[in-house]
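Here the sequence shown stands for residues 492 to 701, numbered as in our numbering. I have placed the structure first, in the form of C-alpha cells, so that the comments after it can refer back to it.
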Amino acid sequence: MGGDAPQAIRKLAPGKLVIASHNEGKVREIRALLAPFGIEPVSAKELDLPEPVENGTTFVANAELKARSAADLSGLPALADDSGLCMDALNGDPGVYTANWAETADGSRDWNLAMRKVEDALAAKGPEVGRDAHFVCVLALAWPDGHVEWFEGRSEGTLTWPPRGTVGFGYDPVFVPLGRDQTYAELPPEEKHAISHRADAFRQLVSAVF
C-alpha cells in the first residue's frame, strides 16, 4: 500500500530518519521499533521543526501531512504516525480527533481529561452501553521529493474504568487489548510493542521498505 497510485515500494536506506512527532511517548516507541534496522532516528522536536496543523479528516491524511512537512523542512526521509482510539458505541469517536479530546484551555494536553470525556460520553449512553474499542495507527513514510508510503495497523480491545497502570501514554491506561487482562499501561513496554496497533503498522512497514 502507499502513494496515490500503484508504484514500486521504495526501500529505506540506513541513515538518519526524522520521527515527525513532538509526542515523546510516540517517539520513544518508534525509536524502540527502529532500533534493529540501522536507522538513526531524530525527532522533529530535536530539529526544532514546527508542528503542522492537523486538519485532515482521516488518519492517513494527517499522517501524510506530518511526514511530508518534516521531510520537506529537514531534507531527510520522515516517518509520521497518526493514531487514535475508536469507540464503537460513540460511532468511532474520538477517532481522528483523539488528541483534540485532551486539549485544555491553555493549549496543552491532559490525557486524564481525555479519558474522563470518553468515559462520560459512554456513561451518557446508559449502563448497558458496549465498551468495544480499537486503536488505529497509520504510519506515513515520506521522502523530500514528495514520495509517500503508508501502512495501517489496528488493535482490538475494550475500554475499562478507572484507568490502570503507569506505563505508556494517551489512552493506554483504559484500553485492554483483546485476549489480555491488563491495560496497555500495565504491560511491559516490550509486550505492548509486540501487540499494539503501532507494532502492526510497523511490521507492514518493515516488510515493505527494509
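Heads up, the beta-carbon is just placed ideally off N, CA and C, and yes, glycines get one too. Just so we're clear, the structure is a prediction, and the values are computed from it rather than from any experiment.
Inter-residue CB distance, F701 and F528 (contact presumed, cutoff 8 angstroms): 5 angstroms
Count the other CB atoms within 10 Å of the CB of E640; is the residue buried (16 or more) or exposed (fewer)? buried
As assigned by DSSP and simplified to three states, the class of P654: coil
Taking only the alpha-carbon atoms, compute the straight-line gap between D495 and L503 and give it to the nearest angstrom. Note that D495 scores 43 on pLDDT, short of 50, meaning its location in the model is unreliable; the coordinates nonetheless yield the value given after this. Between D495 and L503, the C-alpha separation is close to 19 angstroms.
With distance defined between alpha-carbon atoms, name the residue in H684, R689, S534 nearest to E645. Note on identity: in this sequence residue 645 is Arg, with Glu being the wrong assignment. The option with the nearest alpha carbon to R645 is R689.
Per-residue DSSP class, three states only, for R671: coil
Among D636, E520, D663, S512, nearest to H684 - alpha-carbon criterion: E520
Looking at the strands, I want to know which residues DSSP matches up with A571. A631
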